[in-house]
Amino acid sequence: MIDFELEPQVLERTKFFHTVAEHMMRPISRQYDEQEHEEPREFFETIWKGGARERQASGESGADRKGGARNLTTVIMAEELCWGDAGLFLSIPGPGLGGAAVAAAGTAEQKERFLKRFKDGEPKWGAMAITEPGCGSDSAAITTTARREGDYWVLNGTKIFCTAGQRALEKSDGFVVVWATVDKSAGRAGIKPFVVERGTPGVSVIRVESKLGIRVSDTAAIMLDNCRVPLDHILGSPKVEPSGGFKDVMATFDATRPIVAAMAIGVGRAALDFVRDFLRDQRLEIRYAIAPTRMTALERDFIEMETELEAARLLTWRAAWMLDRGIRNSLEASMAKAKAGSSVTRVTQKAVEIMGPLGYSRKYLLEKWMRDAKINDIFEGTQQINLLIVARRILGYSSKELT
Amino acid sequence: MIDFELSDEQKMVRDTVGAFAREQIRPAARQADEAAAIPPDLVQHAWNLGLVRGPVPEKLGGFGDQRSVLTGALAAEELAWGDLAIAMHVAAPQLFAFPIVEMGTDEQRQRFLPLVATDRFTAAGAATMEPRYDFDLSALATTATPDGSGFTLRGEKCCVPLADEARAFLVYAREEGASNGSAGGELHGLQAFIVEREASGLTVVEREKNMGLKALATYQLKLDDVKVSRDARLGAERPADTARLAAQSRVALAAMAVGVARAAFEYARDYAKERHAFGAPIATKQAIAFMLAEMALEVDAARLLTWQAASMLDKGLKALKESSRAKHYAASVALKVTDNALQILGGHGYIREHPVELWLRNARGFATFEGLAIV
Ligand SMILES: Cc1cc2nc3c(=O)[nH]c(=O)nc-3n(C[C@H](O)[C@H](O)[C@H](O)COP(=O)(O)OP(=O)(O)OC[C@H]3O[C@@H](n4cnc5c(N)ncnc54)[C@H](O)[C@@H]3O)c2cc1C
């Protein structure tokens, strides 16, 4: 039965995450935006301790777990926490995208072996590296190679833009899942994920990027120079076959795109809330049900912004709900991501404009949210790539027919 | 007669300033943004182009050029193509000088123009904007109250360029008791007052921190009962047509927005032809090609609207509507084009190694700045 009301348990969680966002993230938001490469250690410690019980219970990152409202809860959490600070959200210690790759492509034994570190001890990060200087959207074109040599896989290449890469490799006992080709001639089928742990010989972080927004999140360039990883660090089967491997990464997008969409929505909502509260202080209430001839330009803009955000949110909830029901959602996940990325980019830009000199000033967080928002139009598939996926599906074209 | 061709002199100005922007401004832009400072040498070199001194009469230290709003727009576009913050820094003294050239009394010209018509760069500017979300040039909160011998100025200003170094400002305020239409043209009641840095009651508050234009030093200003004489009002007994000044300044803003947009368009175009994905340059994808095509035509459209307003002002027409729409249109084009350029660079656009994110941050400022504000 159609229903847009959140269940009480989910609502409870929402309130909790909102408190975290408001009291732990917002107060340090500006500081770690300005001091770009500094570490919010205290935040990491607190949030790591706070999440301990949950990690114990779930083994985390169970992107493969079905049933319940897990994905829906995750997107709602992402929205709340990104209402707090999207950069800090991306920096929260945990298995992250690396963990998601292990969960999607690893054997049961590998999941246990690689993910158990996240249950206790010091804060740790997992990361995922597929993007290279020469290719991002076209991830099947990667040139990093993996060659078998005795008891090791030897990796060579350069990865860029790896979220939490430095924290995974230098600041904690974490790992990066590196995608490399074991057989160039086999194309996609030859691309395999390797778990590269901290301290593996031949891996190094060569750079941490300076960015427009989400500055507290580390974006690392990683060099693999005859990097030797043990044989059992290849996730899943080493066999080059059409299924498995690369296809499994693509499947993780179905779960992560709605999360990125929700991140965007959280940032957009932060901006809208700020504008609404500000106007209210000026004794300006948005009047919803009045004639267009009487509506002010500001009211029209605001209502449009709010509607865009709500539309994006509903697309996102649908994509997450489908996943919870075990329904294939690639189309809907891309719709949500494309819509949320572009709407929130526009909404935050407009919010800055509405607030005039106050919007442009670094005295308030609004300008930061505009900078943060833009990343959602780029990572986890750019706007164009997500639209391409939607277009292929609605038209029934293959990736060869529509490029 | 319809004509889209620049004069030889205008081409020369465009090419000279363009070369300067390419060779000197652009290479300094990133460092200036990160360090929130512009190298003084660069500012001096820009000063030597004579853009500020040009229209000042020769006997007051200038070059006595016939001022043209259109030629000014050409120069502004080129400077901003190089870098907006640097462009606004070097243009800021115009905000002080040009209104005095055009609407000051002889006495005001003689007293204040020599301040800026010198060989060395001299900071001066205007205080127009106010730190309010609903800032409105036609309803300023800063007031000038007539008080027998002169005026008392009260209010708060923001985005005042170079206030810390400036010797004098033009402070824009709403003159109380001014009768309709008596002053300020369409912006009746809006008047400019020459205020020297040392005036008592004038405080330059902290330097502002904004999303963009980080290299441009702008300040908040407080005016606590600043007393100025009757002669301090621009034009003295013949109040200035501030609506005309605002229109000129909107044209300059529009031209700068066009410059930023053009910079981003060109960069993204070149990148898209170089960058390969899925076996071909990304420029061959219609999603990218159409975006670039639209960016190109929007830049041209914005420039034509700007030139139209400029040309009308040069003919002595008001161009109230034309200058406003040019400014608003160019501001939104600048935002859209820089945002699209970033998108075309993908993840690389989000990184501060490329200049595109800087252009996006700067471009967003245009919606905030009103005429008379920064240039
Ligand atoms: C802050 C940040 C964090 C990131 N985190 C990670 C991470 O943790 N791990 C990781 O592996 N990667 C990560 N990335 C990389 C990100 O996923 C890529 O940047 C993204 O996929 C785009 O790739 P690209 O930058 O190479 O752009 P390109 O692929 O070069 O694309 C350039 C432009 O071309 C367009 N385009 C490309 N192909 C087509 C087509 N077929 N049709 C139409 N248009 C097309 C794109 O939409 C874009 O506009 C991150 C990036 C950033 C900026």
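Order-wise, the sequence lines are chains F and V.
Every position in the first sequence, counted from 1, becomes a number in the numbering used here once 9 is added.
For the second sequence, counting from 1, position 372 maps to 367 in the numbering used here; every step adds exactly one.
By construction, the Cβ of each residue, glycine as well, lies at the ideal position given by its N, Cα and C atoms.
For ligand 1, I want to know if residue i counts as a neighbour, meaning its beta carbon is within less than 7 Å of at least one of the ligand's heavy atoms.
i, result
"Ser146 of chain F", "yes"
"Thr391 of chain F", "yes"
"Ala80 of chain V", "no"
"Cys236 of chain F", "no"
"Cys91 of chain F", "no"
"Gln338 of chain V", "yes"
"Gly230 of chain V", "no"
"Ile151 of chain F", "no"
"Lys316 of chain V", "no"
"Tyr345 of chain V", "yes"
"Ala282 of chain V", "yes"
"Ile231 of chain F", "no"
"Thr138 of chain V", "no"
"Gly274 of chain V", "no"
"Phe53 of chain F", "no"
"Arg380 of chain F", "no"
"Met137 of chain F", "yes"
"Lys220 of chain F", "yes"
Which of the three DSSP states is assigned to residue i in this structure?
i, result
"Ser226 of chain F", "coil"
"Phe25 of chain F", "helix"
"Arg239 of chain V", "helix"
"Phe361 of chain V", "helix"
"Asn395 of chain F", "helix"
"Gln291 of chain F", "coil"
"Pro109 of chain V", "helix"
"Arg285 of chain F", "helix"
"Gly71 of chain F", "Residue placement at Gly71 of chain F is flagged as unreliable, the pLDDT there being 44, under the threshold of 50; the coordinate-derived value follows with that caveat. Coil."
"Leu308 of chain V", "helix"
"Asp265 of chain V", "helix"
"Thr279 of chain V", "helix"
"Thr412 of chain F", "coil"
"Ala119 of chain V", "coil"
"Arg237 of chain F", "strand"
"Asn338 of chain F", "coil"
"Arg401 of chain F", "helix"
"Asp310 of chain F", "helix"
"Arg371 of chain F", "coil"
"Tyr297 of chain F", "coil"
"Phe248 of chain F", "It is worth fixing the name first, because residue 248 of chain F is Lys in this sequence and not Phe. Of the three classes helix, strand and coil, the one that applies to Lys248 of chain F here is coil, per DSSP."
"Glu45 of chain F", "coil"
Is the CB of residue i under 8 Å away from at least one CB in chain B?
i, result
"Met314 of chain F", "Absent from the structure: chain B. Protein chains present are F and V."
Give the C-beta separation of residue i and residue j to the nearest angstrom, bearing in mind that I take them to be a contact with Cβ-Cβ under 8 Å.
i, j, result
"Gly120 of chain V", "Phe91 of chain V", "6 Å"
"Ile139 of chain F", "Ser148 of chain F", "5 Å"
"Leu244 of chain F", "Val204 of chain F", "7 Å"
"Gly174 of chain F", "Val185 of chain F", "6 Å"
"Leu165 of chain V", "Ala187 of chain V", "5 Å"
"Gln26 of chain V", "Asp386 of chain F", "Actually they are not in contact, since the Cβ atoms of Gln26 of chain V and Asp386 of chain F sit about 28 Å apart, beyond 8 Å."
"Ala168 of chain V", "Ala118 of chain V", "So it is not a contact: roughly 21 Å between Cβ atoms."
"Arg126 of chain F", "Asp182 of chain F", "6 Å"
"Tyr161 of chain F", "Leu240 of chain F", "7 Å"
"His84 of chain V", "Ile33 of chain V", "5 Å"
"Val47 of chain V", "Gln89 of chain V", "5 Å"
"Ala155 of chain F", "Thr261 of chain F", "That belief does not hold up - the Cβ atoms of Ala155 of chain F and Thr261 of chain F are roughly 20 Å apart, past 8 Å."
"Glu376 of chain F", "Ser219 of chain F", "Rounded, the Cβ-Cβ distance is 17 Å, inconsistent with contact."
"Val96 of chain V", "Leu108 of chain V", "7 Å"
Ignoring anything shorter than 3 residues, give me the beta strand (DSSP E) runs that lie fully in the stretch 152 to 208 of chain V, in order along the chain. 163 to 170, 185 to 191, 197 to 202
Quick check on the DSSP output: what are the complete beta strand (DSSP E) runs of length 3 or more inside the stretch 110 to 155 of chain F, in order along the chain? 135 to 138
Which ranges does the beta strand (DSSP E) cover as unbroken runs of at least 3 residues, wholly within the stretch 175 to 232 of chain F, from first to last along the chain? 184 to 190, 200 to 206, 212 to 217
Where in the stretch 28 to 59 of chain V do unbroken runs of the alpha helix (DSSP H), each at least 4 residues long, occur, reported from the N-terminal end onward? 35 to 42
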